[in-house]
Every structure is written in structure tokens, then in C-alpha cells.
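First up is the structure itself, then whatever we jot down about it.
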Amino acid sequence: MQNNDAEFPVPDFRKLAEKVLKDLPKNTSEKARAFFLGSFIKQGFTDTSFIPWVKRKDELSHKLLQQSLALKNSINITQADFKAVEITAGEGINYGAIHNEGGTIKVKVTPKMKKFFWAMYKKTEVEKWKFLALTKKEEFIIKIPKRQFIGHSETLMNSLDNMFINEIYNYFKNLK
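Dropping the structure here:
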């Protein structure tokens, strides 16, 4: 009887498991972080389909949520091991959650704000600054539209599934 082990090698499943457990958390976390950073480039979030961010009312030249890049730069990998992969955003940035989830905020009108409104009116002669400076309101209620940049995404999950399958496929393909 002939020994066919040379023709049909038995995969080392322990080695495969060790490689997957070592590489997968790092690769997964890097892919997820890149996906969430892509929201700032695409100006919208992709779950099952792409959801563009609501345009702003002013005419500023910078892209949405990118004036200081602080929010974008706050997207970090906080855990990447076999137990969990965790990506966080907005750490130390008090406006991160309201932009990601949407909602309303109340802003108290202060004398300093009114002084700023008068200065802007004198500088630009735009009537809205005059109305803001003369307001009798004690607070403004501002509606912030949802501009999700991080969260659960079916597209990301499918991409991670494919990455995992390809990694295992490549392992078997490279068996000698």
C-alpha cells in the first residue's frame, strides 16, 4: 500500500486557529476604523445602503464635520483582541454623540454672545446678526441633524465576513 500523505497533506488546524486568533482582531479593527473614517470622505454613512449627511445651511467651504478634524481624528481602536474589537469616537469631544445620533440642544444666550452678534452685524451688515443681537429669547433650541459616522453597518459586517473567509481560503491554498 502506498503512502499518499505527500499528495494530500493534512491541514494543521491548530496552526490555522493560532494564526486566525493572532491576526484577525488586528485586521478587523484596522478595517473597521478605515470604514468609519471613510464616512468623513464620503460625507455619509453606509449601513445596508449609503445614507448621505444632511447639507448644512451656511455656505462654509470646508466639508461637513471637518472644520477642525478633531472628530475624525478621535476615531480610535481601543481594543483589538480575541475577546473584542472596539472602535470609539468622540472621546473628550462633547459634540460627537449629538452629530452621530442627531437631536436638539439648548444654548443659553449670554451677553458675550450678543456682543459677538453685534460685531458680526457691524462687520457684515447681514440682518440675521442684528436679529440675533436683539433677540429677547433666553436660550436657543438648535436641532442637529443626524450625521452618523460610526455604528453598526451591515456592509462592514459583510466585508469582515469576506475578509475572514479569504484569510482561511488563502491558508488552505498555500498548503504545501
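In this note's numbering, the protein residues as written are -3 to 172. Built from N, CA and C at the ideal position, the CB exists for glycine as well.
E26 by DSSP, collapsed to three states: which one?
Within the sequence shown, the letter at position 30 stands for residue 26. Three-state DSSP puts E26 in a helix.
Mapping the DSSP letters down to three states, classify F36 as helix, strand or coil.
Translated into the one-based positions of the sequence shown, residue 36 becomes position 40. F36 falls in the helix class under three-state DSSP.
I believe I83 touches S35 by the beta-carbon criterion, under 8 Å. Please report the beta-carbon distance rounded to the nearest angstrom.
Translated into the one-based positions of the sequence shown, residue 83 becomes position 87. Translated into the one-based positions of the sequence shown, residue 35 becomes position 39. I83 to S35, Cβ: 12 Å. No contact.
Below 7 Å between beta carbons: does that hold for S155 and T42?
Counting from one through the sequence shown, the residue named residue 155 turns up at place 159. Counting from one through the sequence shown, the residue named residue 42 turns up at place 46. Cβ distance not < 7 Å, so S155 and T42 don't count as in contact.
Take every Cβ of the stretch 79 to 94, pair it with every Cβ of the stretch 121 to 134, and state whether three or more of those distances are shorter than 8 Å.
They do not touch, by the three-pair rule.
Among the candidates K15, V6 and P7, whose CA atom is the shortest distance from the CA of F160?
Translated into positions along the sequence shown, residue 160 becomes position 164. Considering only alpha carbons, the answer is K15.
By Cβ distance, which residues of its chain are closer than 6 Å to K110, with the 5 residues on each side in sequence left out?
Here residue 110 corresponds to residue number 114 of the sequence shown, with the count starting at 1. Contacts found: A129.
Rounded C-beta distance between I71 and A85? I'm assuming under 8 Å.
For the purposes of this step, residue 71 is identified with residue 75 of the sequence shown, where counting begins at 1. For the purposes of this step, residue 85 is identified with residue 89 of the sequence shown, where counting begins at 1. So it is a contact: roughly 5 Å between Cβ atoms.
Express the C-alpha separation of R143 and Q39 in angstroms, rounding to a whole number.
In the sequence shown, the residue the question calls residue 39 occupies position 43. In the sequence shown, the residue the question calls residue 143 occupies position 147. Rounded to whole angstroms, Q39 to R143 spans 8 Å at the Cα level.
C-alpha distance - L17 paired with Y167, whole-angstrom precision
Within the sequence shown, residue 17 is the residue found at index 21, counting from 1. Within the sequence shown, residue 167 is the residue found at index 171, counting from 1. Cα to Cα, the separation comes out at about 14 Å.
DSSP three-state label for K18, please.
For the purposes of this step, residue 18 is taken as the residue at position 22 of the sequence shown. Of the three classes helix, strand and coil, the one that applies to K18 here is helix, per DSSP.
Answer yes or no: do G99 and I137 have a C-beta to C-beta separation smaller than 7 Å?
In the sequence shown, counting from the first residue as 1, residue 99 sits at position 103. In the sequence shown, counting from the first residue as 1, residue 137 sits at position 141. For the pair G99 and I137, the CB atoms are not nearer than the 7 Å cut-off.
Could you check what DSSP says for F78 in three-state terms: helix, strand or coil?
Start at 1 with the first residue of the sequence shown, and residue 78 comes out as number 82. The answer is coil: DSSP assigns F78 none of H, G, I, E or B.
Taking only three categories from DSSP, how would you classify N72?
The residue you call residue 72 lines up with position 76 of the sequence shown. For N72, the three-state secondary structure derived from DSSP is strand.
Applying the 10 Å Cβ sphere with the 16-neighbour rule, what's the burial state of F9?
Position 13 of the sequence shown, counted from the first residue, corresponds to residue 9. Exposed, since its Cβ has fewer than 16 Cβ neighbours within 10 Å.
Could you tell me whether the Cβ atoms of A76 and K27 are closer together than 7 Å?
For the purposes of this step, residue 76 is identified with residue 80 of the sequence shown, where counting begins at 1. For the purposes of this step, residue 27 is identified with residue 31 of the sequence shown, where counting begins at 1. Using a Cβ distance threshold of 7 Å, A76 and K27 do not count as a contacting pair.
L60 beta carbon less than 7 Å from that of W49:
Here residue 49 is taken as the residue at index 53 of the sequence shown, counted from 1. Here residue 60 is taken as the residue at index 64 of the sequence shown, counted from 1. Taking 7 Å as the Cβ cut-off, W49 and L60 qualify as a contacting pair.
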